[in-house]
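What follows is one structure encoded as structure tokens, with my remarks underneath.
Protein chains: 2
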Amino acid sequence: MRIGELARRTGVTPRALRYYEEQGLLSPERRPSGYREYGDREVRAVHGIRTLLAAGLNSAAIAEILPGLPPPGRRRTGPTCPELLAGLARERARITRQMDELEAARDLLDTIMDAAAPSSVILAARLAVPGDPAGRKLDGARSRAVLE
Amino acid sequence: MRIGELARRTGVTPRALRYYEEQGLLSPERRPSGYREYGDREVRAVHGIRTLLAAGLNSAAIAEILPGLPPPGRRRTGPTCPELLAGLARERARITRQMDELEAARDLLDTIMDAAAPSSVILAARLAVPGDPAGRKLDGARSRAVLE
DNA sequence: CTAGACCTTCACGCCGACGGCAGAGTCAAG
DNA sequence: CTTGACTCTGCCGTCGGCGTGAAGGTCTAG
């Protein structure tokens with residue numbers, strides 16, 4: 001498939017797909033005309049790239065992690081490439097830290113909400129956000145301390 | 149205290165503190181000389197700002213959420229300001245979505261790690277990252293599908 | 001053969017959270 | 001009074017993941 005269809009099938013713009021290639025994340029075949037030619041593998045690869053980008057990895061880290069990209073010689077990383085593993089572990093730790101920070105921020109928002117409004121109103125506001133998990137804290141003191 | 153001490157006590161540079169003020173997140177008093185004068189409240193406020201920034205909120209959202217900032221008339225939001233509540237709920241939902249994305253990315257990294265190395269090596273690599281919680285998946289097929 | 005959709009490379013623009021520097025004023029100690 | 005640390009405003013630089021044309025080649029249906 002060409003770049004337009006891959007874009008449609010992944011929800012990613014052609015510009016972004018070219019950018020990924022420029023960053024070494026994709027290396028599609030080329031037709032004699034110069035057109036890029038992708039296979040079904042790239043659909044999954046792009047989804048993976050988007051997942052990792054959404055998690056805050058930059059393209060260099062993704063390039064380090066997703067192998068098989070340099071066009072000449074699909075150098076399959078042997079059974080255990082230590083630097084690859086180090087990169088994976090590093091990014092995994094980053095993600096875990098980020099999740100902790102998100103949880104702290106969510107708790108902070110919860111305490112602010114508790115201080116700003118009676119819980120009945122909050123529940124009404126929460127209902128306006130579908131898919132929002134329940135289970136909030138009830139400690140107005142801390143948020144009041146932050147607010148003033 | 150002046151900006152330098154607040155910087156030391158929060159781990160935030162003076163430049164960033166001035167930026168926060170410019171964005172309406174802080175509004176310190178001023179000495180006749182023009183020097184900014186902060187209190188202990190701002191220490192906690194800055195920590196809150198950093199927490200929210202780390203969670204991906206931009207300064208506009210934080211300004212919307214942390215009230216009491218416009219120097220003239222500390223307009224205390226009444227018992228229930230609906231737009232404030234809407235902003236809080238919106239950002240809370242954003243955070244929850246982001247946590248889901250992070251979890252997906254971490255699972256993806258786990259499957260890649262499983263495919264890239266025997267678990268014994270992975271465990272060794274994981275030990276190099278202190279504070280990294282355990283509990284990983286063991287499904288090499290999916291990661292192999294992504295890798296090739 | 002031609003129109004229109006699609007593709008190519010090149011190259012500048014954007015945004016947000018600051019970093020860094022310049023030039024000038026302020027403050028406390030000796 | 002001087003010195004050195006600190007602070008002020010203002011303004012340009014940075015970085016990453018693209019957006020957005022511009023100028024031109026390619027492909028396919030009619």
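Quick mapping for you: the protein sequence lines, in order, are chains D and R. The first sequence begins at 1 in our numbering and counts up one residue at a time. The second sequence begins at 149 in our numbering and counts up one residue at a time. Glycine residues also receive a C-beta, built at the ideal position from the N, C-alpha and C atoms.
* With contact counted as at least three CB pairs below 8 Å, one residue from each stretch, are the region 80-100 of chain D and the region 226-240 of chain R in contact? -> no
* **Contact between the region 158-169 of chain R and the region 47-63 of chain D (3+ Cβ pairs under 8 Å)** => No contact exists between the region 158-169 of chain R and the region 47-63 of chain D.
* As assigned by DSSP and simplified to three states, the class of Arg184 of chain R -> Translated into the one-based positions of the second sequence, residue 184 of chain R becomes position 36. Arg184 of chain R: strand per DSSP, three-state reduction.
* Do Ile213 of chain R and Leu109 of chain D have their C-beta atoms closer together than 9 Å? -> Numbered from its first residue, the second sequence carries residue 213 of chain R at position 65. Numbered from its first residue, the first sequence carries residue 109 of chain D at position 109. Yes, they are a contact pair.
* Using alpha carbons as the reference points, say which of D:Met99, D:Ala115 and D:Arg9 lies closest to Ala203 of chain R. => Against the second sequence, residue 203 of chain R aligns to sequence position 55. Measuring from the Cα of Ala203 of chain R, the nearest candidate turns out to be D:Met99.
* Distance CB(Leu88 of chain D)-CB(Ile151 of chain R) smaller than 9 Å -> Looking up residue 88 of chain D in the first sequence gives position 88. Looking up residue 151 of chain R in the second sequence gives position 3. It is not a contact, given that the beta carbons lie outside the stated cut-off.
* Candidates D:Ala86, D:Glu83 and D:Arg106: closest to Arg238 of chain R by CA position -> On the second sequence, position 90 is the one that residue 238 of chain R refers to. Measuring from the Cα of Arg238 of chain R, the nearest candidate turns out to be D:Arg106.
* Could you check if Ile197 of chain R is buried or exposed, using at least 16 other CB atoms within 10 Å of its CB as the buried criterion? => As a working mapping, residue 197 of chain R is identified with position 49 in the second sequence. Buried is the call here.
* Could you name the residues of the same chain whose beta carbon sits closer than 8 Å to that of Glu190 of chain R, not counting the 5 residues immediately before and after it, in chain order? => In the second sequence, the residue the question calls residue 190 of chain R occupies position 42. Excluding sequence neighbours, Glu190 of chain R sits near Leu154, Leu174 and Pro176.
* Counting only beta-carbon atoms, is Gly56 of chain D nearer than 9 Å to chain R? -> Within the first sequence, the letter at position 56 stands for residue 56 of chain D. Closer than 9 Å: yes.
* To do: Could you check if Asp188 of chain R is buried or exposed, using at least 16 other CB atoms within 10 Å of its CB as the buried criterion?
  => Translated into positions along the second sequence, residue 188 of chain R becomes position 40. Looking at its Cβ environment, which holds fewer than 16 other Cβ atoms inside 10 Å, Asp188 of chain R is exposed.
* Arg192 of chain R versus Glu169 of chain R: straight-line alpha-carbon distance, rounded -> Walking along the second sequence from the start, residue 192 of chain R turns up at place 44. Walking along the second sequence from the start, residue 169 of chain R turns up at place 21. Each residue's alpha carbon lies about 15 Å from the other.
* Asked: With a cut-off of 9 Å, does the C-beta of Glu101 of chain D fall near any C-beta of chain R?
  -> Translated into positions along the first sequence, residue 101 of chain D becomes position 101. Cβ-Cβ to chain R under 9 Å: yes for Glu101 of chain D.
* Where does Arg30 of chain D fall in DSSP's three states? -> Reading the first sequence from its first residue, position 30 is the one you call residue 30 of chain D. Here Arg30 of chain D sits in strand by DSSP.
* To do: Starting from Thr51 of chain D, find everything on chain R with Cβ-Cβ shorter than 8 Å and list it in chain order.
  => As a working note, residue 51 of chain D is residue 51 in the first sequence. What Thr51 of chain D touches in chain R: Glu249, Ala252, Ala253 and Leu256.
* Asked: Going along chain D, which residues have a C-beta under 9 Å from Glu177 of chain R?
  -> As a working mapping, residue 177 of chain R is identified with position 29 in the second sequence. Those do not exist, as Glu177 of chain R stays about 15 Å from chain D at its closest Cβ, beyond 9 Å.
* To do: Flag this pair as yes or no: are the beta carbons of Ala104 of chain D and Thr199 of chain R separated by less than 9 Å?
  => As a first step, residue 104 of chain D is located in the first sequence; it is residue number 104 there, counting from the start. As a first step, residue 199 of chain R is located in the second sequence; it is residue number 51 there, counting from the start. Going by C-beta atoms, Ala104 of chain D is nearer than 9 Å to Thr199 of chain R.
* Taking just the CA atoms, how far does Ala115 of chain D sit from Leu84 of chain D? -> Stepping through the first sequence from its first residue, residue 84 of chain D is reached at position 84. Stepping through the first sequence from its first residue, residue 115 of chain D is reached at position 115. Cα to Cα, Leu84 of chain D sits roughly 47 Å from Ala115 of chain D.
* With Ala211 of chain R and Gln171 of chain R assumed to form a contact (beta carbons below 8 Å), what rounded beta-carbon distance in angstroms separates them? -> Position 63 of the second sequence holds residue 211 of chain R. Position 23 of the second sequence holds residue 171 of chain R. 6 Å between Cβ atoms; contact.
* To do: Compute every distance between the C-beta of Thr244 of chain R and the non-hydrogen atoms of the ligand SAM, then say whether any falls below 8 Å.
  => Absence of the ligand SAM from the depicted structure is noted, as is the absence of any ligand whatsoever, leaving it without description.
* To do: Within its chain, find whatever has a CB closer than 7 Å to the CB of Arg36 of chain D; leave out the 5 residues flanking it on each side and keep chain order.
  => On the first sequence, residue 36 of chain D is found 36 positions in, with the first residue counted as 1. Within the same chain, Arg36 of chain D has close Cβ partners Arg2, Ile3, Pro28 and Arg30.
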